[in-house]
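Visitor:
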Amino acid sequence: MKKDFKEFKDYIRGKKTAVVGLGVSNRPLIDFLIGMGAVVSGFDKKKENEFPEVAAELKGKGVTLMLGDDYLEKLTGYDVVFKTPGMRIDCDALKKAAAEGSYITSEMEEFVRYCPAKIFAVTGSDGKTTTTSLMYSMLKEEGYNTWVGGNIGTPLFTRIEDMKSSDKVVLELSSFQLMTMNVSPEVAVITNLSPNHLDMHKSMDEYVWSKENIYRYQSPGDLLVLNRDNDITNSMAGKAVGRVMLFSTKEKPASGAWYEEGSLYLKGEKVCEKKDIILKGMHNVENFLAAFCALSDDVRLKSMKRVAETFSGVEHRCEFVRELDGVKYYNDSIASSPSRTVAGLAAFEKPVILIAGGYDKNLPFEPLAEQGLDYIKTLVLVGATKEKIKAAFDKEFEKRGYSVPVIMADTLEEAVAKARGAAGEGDIVTLSPACASFDMFVNFEKRGNAFKELVNKLNPVYQSADM
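Residue numbers (my numbering): 161 to 627.
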């Protein structure tokens with residue numbers, strides 16, 4: 161039973177409230193809290209001279225600012241603390257605040273607790289954004305007033321009073337958002353799990369444990385959707401509190417969705433044929449099957465089929481950029497893990513020229529070499545991890561007794577230029593980094609946009625008229 165949001169409004173009024181992180185996404189939260197009568201302080205590592213206009217605006221609204229390198233040392237004496245998703249709950253500042261009696265929470269946690277609409281939430285190592293977008297599109301196609309948020313879309317907590325019980329909400333949730341959650345959505349989807357974010361999590365076990373919060377607090381009537389073909393997610397079926405549906409491209413689950421002989425099925429009924437789906441690759445078939453399961457109680461098959469045959473993809477996910485001199489360029493900047501890169505490579509029908517490398521999340525690159533080599537014609541490496549990736553491929557080359565060309569670059573611009581130089585008519589060049597972007601870019605969107613800009617600036621090679 162969802163809690164009435166009036167309960168939160170009554171609780172927060174007059175409370176001394178800390179909001180940690182003054183980025184764009186938290187500013188609407190600050191306004192929302194002020195509007196409900198909270199006494200707000202904003203915390204950020206930045207100094208005031210680094211964002212003077214924002215600081216002045218916040219101070220004008222009555223927000224007390226705690227800024228600078230020692231900002232977390234000032235996190236004391238607060239009734240409520242809204243932490244930023246990337247902030248570990250076991251950091252010294254939050255442990256101290258909790259010991260003092262502060263209520264530690266997050267915007268997403270309170271949203272799930274009080275949202276009046278049915279919530280469908282998606283997590284996993286790969287495929288989260290596409291699956292979330294598919295579910296949003298299918299619910300819209302069915303005629304529901306639908307909201308999308310979490311890692312994509314806009315912050316939803318500040319819009320909670322605009323939502324009705326008849327609405328639907330689709331959330332994409334990361335392990336960081338889930339790590340401190342003690343409330344779960346009515347429908348939870350885990351697309352797959354593989355090593356990821358091990359720069360932030362203490363271990364793979366902690367990473368998996370965080371993901372499990374998406375269903376840990378469900379009720380008996382709620383639904384958990386799991387990937388039957390992934391050993392980690394399949395093992396969770398026995399832990400579920402509510403109903404379980406499985407999806408598979410290899411088997412026919414008794415209750416769920418599957419792929420067989422070119423067609424996609426849900427509970428024994430054919431939804432669509434693979435050849436009619438615009439999104440290519442078996443990883444996208446898995447995303448569709450997951451979405452079918454999650455929406456099986458709310459969306460008709462014809463609406464699912466309609467979206468499957470018209471949905472053209474999400475920006476930065478195997479996104480076609482342009483064709484130049486017979487070479488096709490794709491932007492798959494979202495691929496921030498080896499498994500996601502391998503899935504993207506497998507979607508192409510022949511080996512490609514791969515641009516990879518980036519921020520080091522302490523992930524092993526041996527799986528990329530072992531599973532990805534057959535899909536690679538030439539490997540262009542860039543970023544902080546380029547030597548680690550090269551070492552993994554060198555070992556695989558030695559093991560198999562053959563290799564592909566490996567080209568090293570210092571910048572993304574140089575990588576694009578070298579990829580173009582290695583490509584001939586009929587080739588495919590894809591940016592699918594297998595790494596996060598933080599060594600060179602703020603996020604994967606900035607990296608993908610930079611790649612697209614570089615590719616679109618390339619000039620065609622014209623042959624002279626007498627050739």
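Don't be surprised by glycine CBs; every beta carbon is placed ideally from N, CA and C.
#1: At 3 residues or longer, what runs of the beta strand (DSSP E) sit wholly inside the stretch 220 to 280?
#2: Answer yes if the stretch 465 to 472 comes into contact with the stretch 295 to 308, meaning at least three C-beta pairs across the two stretches below 8 Å, and no otherwise.
#3: With distances taken from CA atoms, which of Arg376, Lys328, Val330 and Glu332 is nearest methionine 341?
#4: Phenylalanine 336 lies in the alpha helix (DSSP H); which residues open and close that run?
#5: Go ahead and label phenylalanine 471 buried or exposed: buried means 16 or more other beta carbons lie within 10 angstroms of its beta carbon, across all protein chains shown.
#6: Go through the stretch 421 to 452 residue by residue and report every complete run of the alpha helix (DSSP H) that reaches 4 residues or more, in order.
#7: Quick one: what does DSSP say methionine 196 is sitting in, helix, strand or coil?
#8: So arginine 580 packs on serine 493, CB below 8 Å; how close in whole Å?
#9: To the nearest angstrom, how far is it from the Cα of arginine 482 to the Cα of leucine 618?
#10: Just checking, does the stretch 446 to 459 make contact with the stretch 381 to 398 on the three C-beta pairs under 8 Å criterion?
#11: When DSSP labels each residue in this structure, what does alanine 569 get in the three-state scheme?
#12: On a CA-only basis, which of Gly561, Pro593 and Val564 is nearest valine 576? Give me that one, please.
#13: Please determine, among Thr393, Glu302 and Thr590, the residue with the shortest C-alpha to C-alpha distance to alanine 495.
#14: Quick one: Cα of valine 240 to Cα of glutamate 366, how far?
#15: Who pairs with leucine 514 in a beta bridge, going by DSSP?
#16: So which of Val343, Met396 and Asp322 has the shortest CA-CA distance to isoleucine 350?
#17: Using DSSP's beta-bridge definition, name the partner residues of threonine 306.
#18: Can you tell me whether lysine 176 is helix, strand or coil according to DSSP?
#19: Within the same chain, show all residues whose beta-carbon is closer than 6 Å to that of tyrosine 419, passing over the 5 residues directly before and after it, in chain order.
#20: For glutamate 321, which of helix, strand or coil comes out of DSSP?
#21: Going by Cα to Cα distance, which pick from Glu530, Ser499 and Leu541 is closest to glycine 517?
#22: In chain order, what residues of the same chain have a beta carbon less than 6 Å from the beta carbon of leucine 505, not counting five sequence neighbours either side?
#23: Considering only their Cβ atoms, is the gap separating alanine 583 from isoleucine 513 smaller than 8 Å?
#24: Does DSSP classify glutamate 483 as helix, strand or coil?
#25: DSSP has tyrosine 519 in a bridge; who is on the other side?
#26: Taking all protein chains shown into account, do 16 or more other C-beta atoms lie within 10 angstroms of the C-beta of threonine 314, making it buried, or fewer, making it exposed?
#27: Below 8 Å, can you find three or more Cβ-Cβ pairs linking the stretch 202 to 211 to the stretch 161 to 181?
#28: Considering only residues of the same chain and omitting the five flanking positions on each side of phenylalanine 211, which have a CB-CB separation below 7 Å?
#29: For lysine 559, does the count of other Cβ atoms within 10 angstroms reach 16, so buried, or fall short, so exposed?
#30: My output table needs one value for leucine 614: the three-state DSSP class, helix, strand or coil.
#31: Can you name, in chain order, every residue of its own chain whose Cβ lies under 6 Å from the Cβ of aspartate 520, other than the five neighbours on each side?
#32: Roughly how many angstroms separate the alpha carbons of lysine 550 and valine 566, rounded to a whole number?
#33: Establish whether the CB of arginine 248 and some CB of chain C are separated by less than 8 Å.
#34: Sort Met600, Ile374, Arg477 and Gly422 by Cα distance to methionine 268 and report the nearest one.
#35: When DSSP labels each residue in this structure, what does tyrosine 562 get in the three-state scheme?
Guide: In this structure, then:
#1: Complete beta strand (DSSP E) runs here, min 3: 224 to 227, 240 to 242 and 263 to 265.
#2: Yes: the two stretches touch, three or more of their Cβ pairs being nearer than 8 Å.
#3: Looking at the Cα atoms, Arg376 is the closest of the given residues.
#4: Segment 335 to 338, the alpha helix (DSSP H) holding phenylalanine 336.
#5: It is buried - the Cβ of phenylalanine 471 has at least 16 other Cβ atoms within 10 Å.
#6: Taking only runs of at least 4 residues, no alpha helix (DSSP H) segment lies wholly in the stretch 421 to 452.
#7: Assigned with DSSP and collapsed to three states, methionine 196 falls in coil, not helix or strand.
#8: Cβ-Cβ separation between arginine 580 and serine 493: approximately 18 Å, too far for a contact (criterion under 8 Å).
#9: For arginine 482 and leucine 618, the gap between their C-alpha atoms comes out near 10 Å.
#10: A contact exists between the stretch 446 to 459 and the stretch 381 to 398.
#11: DSSP places alanine 569 in the coil class of the three-state scheme, outside both helix and strand.
#12: Nearest option by C-alpha distance: Pro593.
#13: It is Thr590 whose Cα lies nearest to the Cα of alanine 495.
#14: Their backbone Cα atoms lie some 26 Å apart in a straight line.
#15: DSSP lists Leu539 and Thr590 as partners of leucine 514.
#16: Nearest in C-alpha terms to isoleucine 350, of all of Val343, Met396 and Asp322, is Met396.
#17: DSSP, once it has assigned bridges, lists Lys328 as partnering threonine 306.
#18: Strand, per DSSP.
#19: Excluding sequence neighbours, tyrosine 419 sits near Thr409 and Val445.
#20: Three-state result, glutamate 321: helix.
#21: Answer by Cα proximity: Leu541.
#22: For leucine 505, where only same-chain residues beyond five positions count, the Cβ hits under 6 Å are Gly532 and Tyr535.
#23: Taking 8 Å as the Cβ cut-off, isoleucine 513 and alanine 583 qualify as a contacting pair.
#24: DSSP places glutamate 483 within a strand segment (E or B) once states are collapsed to three.
#25: Looking at the DSSP assignment, tyrosine 519 forms a beta bridge with Ala596.
#26: The residue is exposed, with fewer than 16 neighbouring Cβ atoms inside 10 Å.
#27: With the rule of 3 Cβ pairs closer than 8 Å, the stretch 202 to 211 counts as touching the stretch 161 to 181.
#28: Cβ neighbours of phenylalanine 211 beyond the five flanking positions: none.
#29: The residue in question, lysine 559, is exposed, as its Cβ has fewer than 16 Cβ neighbours within 10 Å.
#30: DSSP places leucine 614 in helix when its eight states are reduced to three.
#31: Taken in chain order, the residues that qualify are Ala544 and Thr545.
#32: About 8 Å.
#33: This model lacks chain C altogether, as it is built from one protein chain only.
#34: Selected option, being the one with the closest Cα: Ile374.
#35: Reduced to three states, the DSSP call for tyrosine 562 is coil.
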